[in-house]
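From first to last, the protein sequence lines stand for chains Y and B. Letter by letter, the first sequence follows residues 161 to 274 of our numbering. Letter by letter, the second sequence follows residues 14 to 129 of our numbering.
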Amino acid sequence: AQSVTQLGSHVSVSEGALVLLRCNYSSSVPPYLFWYVQYPNQGLQLLLKYTTGATLVKGINGFEAEFKKSETSFHLTKPSAHMSDAAEYFCAVTLYSSASKIIFGSGTRLSIRP
Amino acid sequence: GAVVSQHPSWVICKSGTSVKIECRSLDFQATTMFWYRQFPKQSLMLMATSNEGSKATYEQGVEKDKFLINHASLTLSTLTVTSAHPEDSSFYICSARTASGGVEQFFGPGTRLTVL
Chain Y
161 AQSVTQLGSH
171 VSVSEGALVL
181 LRCNYSSSVP
191 PYLFWYVQYP
201 NQGLQLLLKY
211 TTGATLVKGI
221 NGFEAEFKKS
231 ETSFHLTKPS
241 AHMSDAAEYF
251 CAVTLYSSAS
261 KIIFGSGTRL
271 SIRP
Chain B
14 GAVVSQHPSW
24 VICKSGTSVK
34 IECRSLDFQA
44 TTMFWYRQFP
54 KQSLMLMATS
64 NEGSKATYEQ
74 GVEKDKFLIN
84 HASLTLSTLT
94 VTSAHPEDSS
104 FYICSARTAS
114 GGVEQFFGPG
124 TRLTVL
């Protein structure tokens, strides 16, 4: 069975600083991995996804994540934080199967200090 | 492309009444739709998986008689919360997977349900 662990329920960084949100997964077979962002009272928006191929994945809004199989990690980064990045971020995992569910991490709230 | 809508975006109802939430895929056909529940400051909890033309598959602990799910067409799934109580107040989010396959789910904007 798959699982996702997000380290840190709340991360606060200064505007312009590096953003690093941590995600570790557990899966018995190669997983598909996702990062979603959720703004207050809204649904989820896909930031980026890893399926196969290049392990460094670039997404929207300047975010990127690197799949590291040896570390079972898929950390999300952004070189320079903007105030508009303040939101809830969810890491998620699934397997390639029409019946596979997406398993979400517990989420990390990102705050940006002026 | 791949837009999912939900209606209503928010609803307030009295305890004991039933509330229906619609989830539509606007520009694609969705053979599978998912319903999630999200409590404040928590992650999404999968309630059920809905396949067009068949009965929904509910997750353990989710009462299927309380949360009725209908997926009558390739673009519409509905969730009816029957005899709602204050503890049913939550944010309900649907998602849809395209008929062409793949693992990605496209999420609706969510429906905020408040039961008085």
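Heads up, the beta-carbon is just placed ideally off N, CA and C, and yes, glycines get one too. Note that this is a predicted model, so its numbers are computed, not measured.
Within chain Y, partners of residue i - CB distance below 8 Å
i: B:PHE41; result: The contacting residues do not exist; B:PHE41 stays about 15 Å from chain Y at best.
i: B:GLN118; result: ILE262
i: B:ILE106; result: GLY203 and LEU204
Proximal residues of chain B, C-beta to C-beta of residue i below 7 Å
i: Y:SER266; result: SER56
i: Y:PHE227; result: The contacting residues do not exist; Y:PHE227 stays about 15 Å from chain B at best.
i: Y:GLN202; result: PRO122 and GLY123
i: Y:LYS218; result: None at all; the shortest Cβ gap to chain B is about 17 Å.
Same chain, Cβ closer than 8 Å to residue i, neighbours up to 5 away in sequence not counted
i: B:PHE80; result: TRP48, MET60, ALA61, TYR71, LEU92, THR93, VAL94 and THR95
Selection from the options that minimises the alpha carbon distance to residue i
i: B:HIS98; options: B:VAL17, B:ALA15 and B:SER31; result: B:SER31
i: Y:PRO190; options: Y:SER240, Y:SER266 and Y:PHE234; result: Y:PHE234
i: B:LEU129; options: B:GLY115, B:SER103 and B:VAL75; result: B:SER103
i: Y:ALA161; options: Y:LEU255, Y:THR268 and Y:PHE223; result: Y:LEU255
i: B:SER22; options: Y:THR268, Y:ASN201 and Y:THR237; result: Y:ASN201
i: B:LYS54; options: Y:TYR249, Y:MET243 and Y:ILE263; result: Y:TYR249
Buried/exposed call for residue i, threshold 16 Cβ in 10 Å
i: Y:THR212; result: exposed
i: Y:PHE194; result: buried
Close Cβ partners of residue i (< 6 Å) along its chain, the five nearest in sequence each way excluded
i: B:ALA109; result: VAL17, SER38, ALA43, MET46 and PHE119
i: B:LEU89; result: ARG37
Residue i vs residue j beta-carbon contact at 8 Å
i: Y:LEU284; j: Y:PRO239; result: Any answer about residue 284 of chain Y is impossible in this case: the structure gives chain Y only from 161 up to 274.
i: Y:GLN166; j: Y:ARG182; result: yes
i: Y:LEU236; j: Y:ALA225; result: yes
i: Y:SER342; j: Y:THR232; result: Because chain Y is modelled from 161 through 274, residue 342 of chain Y falls outside the range shown and cannot be assessed.
Chain-ordered chain Y contacts of residue i [CB-CB under 7 Å]
i: B:LEU59; result: LYS261
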